[in-house]
Amino acid sequence: MSLHEKLDGLLETQVTWEDLEMQLRSALNTEATFGTTKSVIDIGEGNGFASRCGLVSCDWKGAEKSENLPSRLVIKIPSALPMRQMNMIQGDDAVWDAMDKKLRELHNIEIAAYEFLEEFDGLMIPKMYYGIPFPPEDKLIGRMCLEFVDNSRVMNFHEAHTVELLKQIARALGKIQGSSLMKEAAAPELHTSHYADFAKAVSLDCAHFGVGVQDLLRISLFALSAKDRRESAPMLVEEMYNSMVANLDGEEPPYSLDKLQSIYGILFPHSACYFAGGAIVIMHKQANNDKLSIEEKEKRKAVQLDKVIGALGDILVYHGKNNAFVKDLQFRD
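FYI, the numbering for the sequence shown is 508 to 840, going by the numbering used here.
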């Protein structure tokens with residue numbers, strides 16, 4: 508069995524109702540059980556392609572009056588099935604096995620990120636009730652169970668969102684960045700006899716600053732019209748930077764606002780290429796969606812093409828700026 512095969516569990520995955528109930532009861536320390544009207548619906552279709560996301564209605568039975576159990580929650584299960592359905596990748600079993608491996612790595616990183624950030628108060632991220640990473644010996648066990656945030660909505664690619672909304676996101680990213688800088692990150696599993704050889708294999712050409720501006724870039728590319736993205740970029744970077752500084756408890760920031768603005772430009776071509784590749788796949792699936800009218804397809808396509816064409820054009824603009832910028836860089840010995 509693999510992550511790219513249809514299985515008999517929830518949303519055609521490996522997770523069963525029995526698995527979910529047992530693990531959730533353990534995480535919430537409750538004797539309550541799911542009722543007969545429990546249900547799950549797919550809320551990830553069309554919004555991503557690396558997992559199955561289900562909105563679970565629990566219908567708890569036997570809960571104590573003092574217990575405040577979530578009536579709804581989200582189960583996120585790594586899966587390559589959306590990729591297969593969207594025909595994103597053509598290849599044999601070896602290709603799909605390699606994709607499964609990458610999805611397992613990304614899932615484990617995501618769980619580690621939630622565990623790292625849960626120590627900080629006031630971050631705009633959902634609570635993780637439990638997360639099960641993939642160990643080397645089990646290729647199917649990984650899954651996450653997350654808080655369902657009421658009155659939330661998906662930021663769809665086919666909509667042109669407002670700059671005001673992106674300002675909120677920029678401030679949230681800055682707070683996460685500032686909070687994470689207050690704690691030392693460690694990866695003891697890398698401290699092995701193989702680490703020296705691993706370090707030799709790292710391509711410095713692909714290395715970059717580990718800053719939240721890359722997340723801001725990806726969100727801006729998917730959310731904003733080309734015009735709004737261009738005009739708001741310096742302001743959004745500044746919003747994120749100021750929020751980061753405000754959450755450093757008086758400590759000196761690790762870089763200046765000018766440096767962050769420069770990094771935005773350096774990372775733009777990479778982020779825009781990544782965005783355009785994924786966007787074209789989404790647009791292709793949308794064009795073949797029989798549930799949408801021709802009018803709705805054309806309306807969405809116009810918004811999406813504006814974003815994609817604008818991003819591709821700006822790659823050339825930033826490439827020219829970056830060529831001039833790197834001439835002034837000075838590398839330390």
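The beta-carbon is built from N, C-alpha and C at its ideal position, and this holds for glycine as well.
C-beta atoms of residue i and residue j nearer than 8 Å
| i | j | result |
| --- | --- | --- |
| residue 569 | residue 534 | no |
| residue 665 | residue 810 | yes |
| residue 520 | residue 579 | no |
| residue 563 | residue 650 | no |
| residue 641 | residue 658 | no |
| residue 778 | residue 728 | yes |
| residue 723 | residue 764 | no |
| residue 719 | residue 683 | yes |
| residue 583 | residue 647 | no |
| residue 567 | residue 542 | yes |
| residue 783 | residue 819 | yes |
| residue 733 | residue 814 | yes |
| residue 726 | residue 789 | no |
| residue 618 | residue 598 | no |
| residue 576 | residue 547 | no |
| residue 511 | residue 588 | yes |
| residue 623 | residue 687 | yes |
| residue 816 | residue 780 | no |
Where residue i falls, given that 16 or more other Cβ within 10 Å makes a residue buried
| i | result |
| --- | --- |
| residue 884 | Given that the chain is displayed from residue 508 to residue 840, the structure contains no residue 884 and the question cannot be resolved. |
| residue 746 | buried |
| residue 795 | exposed |
| residue 690 | exposed |
| residue 711 | Confidence at residue 711 is low in this model, with a pLDDT of 44, below 50, so its placement is unreliable and the value that follows should be read with caution. Exposed, because fewer than 16 other Cβ atoms sit within 10 Å of the Cβ of residue 711. |
| residue 644 | exposed |
| residue 832 | exposed |
| residue 586 | buried |
| residue 489 | Since the first and last residues shown for the chain are 508 and 840, residue 489 lies out of range. |
| residue 660 | exposed |
Where the beta strand (DSSP E) through residue i begins and ends
| i | result |
| --- | --- |
| residue 548 | 546-549 |
| residue 565 | Careful: residue 565 lies outside any beta strand (DSSP E) and carries neither H nor E. |
| residue 654 | 650-654 |
| residue 598 | Element bounds for residue 598: n/a, residue is neither H nor E. |
| residue 638 | 635-639 |
Where the alpha helix (DSSP H) through residue i begins and ends
| i | result |
| --- | --- |
| residue 581 | It is not in any alpha helix (DSSP H) - residue 581 instead sits in the beta strand (DSSP E) that spans 579-585. |
| residue 781 | 764-794 |
| residue 816 | 801-833 |
| residue 747 | 733-753 |
| residue 682 | 670-688 |
| residue 528 | 524-535 |
| residue 726 | 720-730 |
| residue 660 | Looking at the DSSP string, residue 660 is not in any alpha helix (DSSP H), and its letter there is neither H nor E. |
| residue 589 | 588-592 |
Spatial neighbours of residue i in its chain, beta-carbon cut-off 7 Å, leaving aside the 5 residues before and after
| i | result |
| --- | --- |
| residue 825 | 772, 775 and 776 |
Cβ of residue i within 8 Å of any chain C Cβ
| i | result |
| --- | --- |
| residue 566 | Absent here is chain C; the protein component of the structure consists of one chain. |
Cutoff 6 Å; reference residue i; Cβ partners in own chain excluding five residues on either side
| i | result |
| --- | --- |
| residue 513 | 519 |
| residue 461 | Outside the shown range of the chain (508 to 840) lies residue 461, about which nothing can therefore be said. |
| residue 670 | 735 and 739 |
| residue 636 | 534 and 652 |
| residue 509 | 607 |
| residue 655 | 579, 580 and 581 |
| residue 798 | none |
| residue 685 | 751, 754 and 755 |
| residue 627 | 686 |
Close-in-space but distant-in-sequence residues of the same chain around residue i (CB under 8 Å, 5 per side omitted)
| i | result |
| --- | --- |
| residue 545 | 524, 563, 564, 565 and 566 |
Near the ligand GTP: residue i beta-carbon under 7 Å from a heavy atom
| i | result |
| --- | --- |
| residue 588 | No copy of the ligand GTP occurs in the structure displayed, which carries no ligand at all. |
If we count Cβ pairs, one from each stretch, closer than 8 Å, do we get three or more for the segment 578-592 versus the segment 542-561?
-> Short answer: they touch.
Do the segment 752-770 and the segment 788-804 make contact, defined as three or more Cβ pairs closer than 8 Å?
-> No, because fewer than three Cβ pairs between the segment 752-770 and the segment 788-804 fall closer than 8 Å, the two stretches do not touch.
Cβ contact check for the segment 760-769 and the segment 731-747: 3 or more pairs under 8 Å = As far as the Cβ criterion goes, the segment 760-769 touches the segment 731-747, which means the pair count is three or higher.
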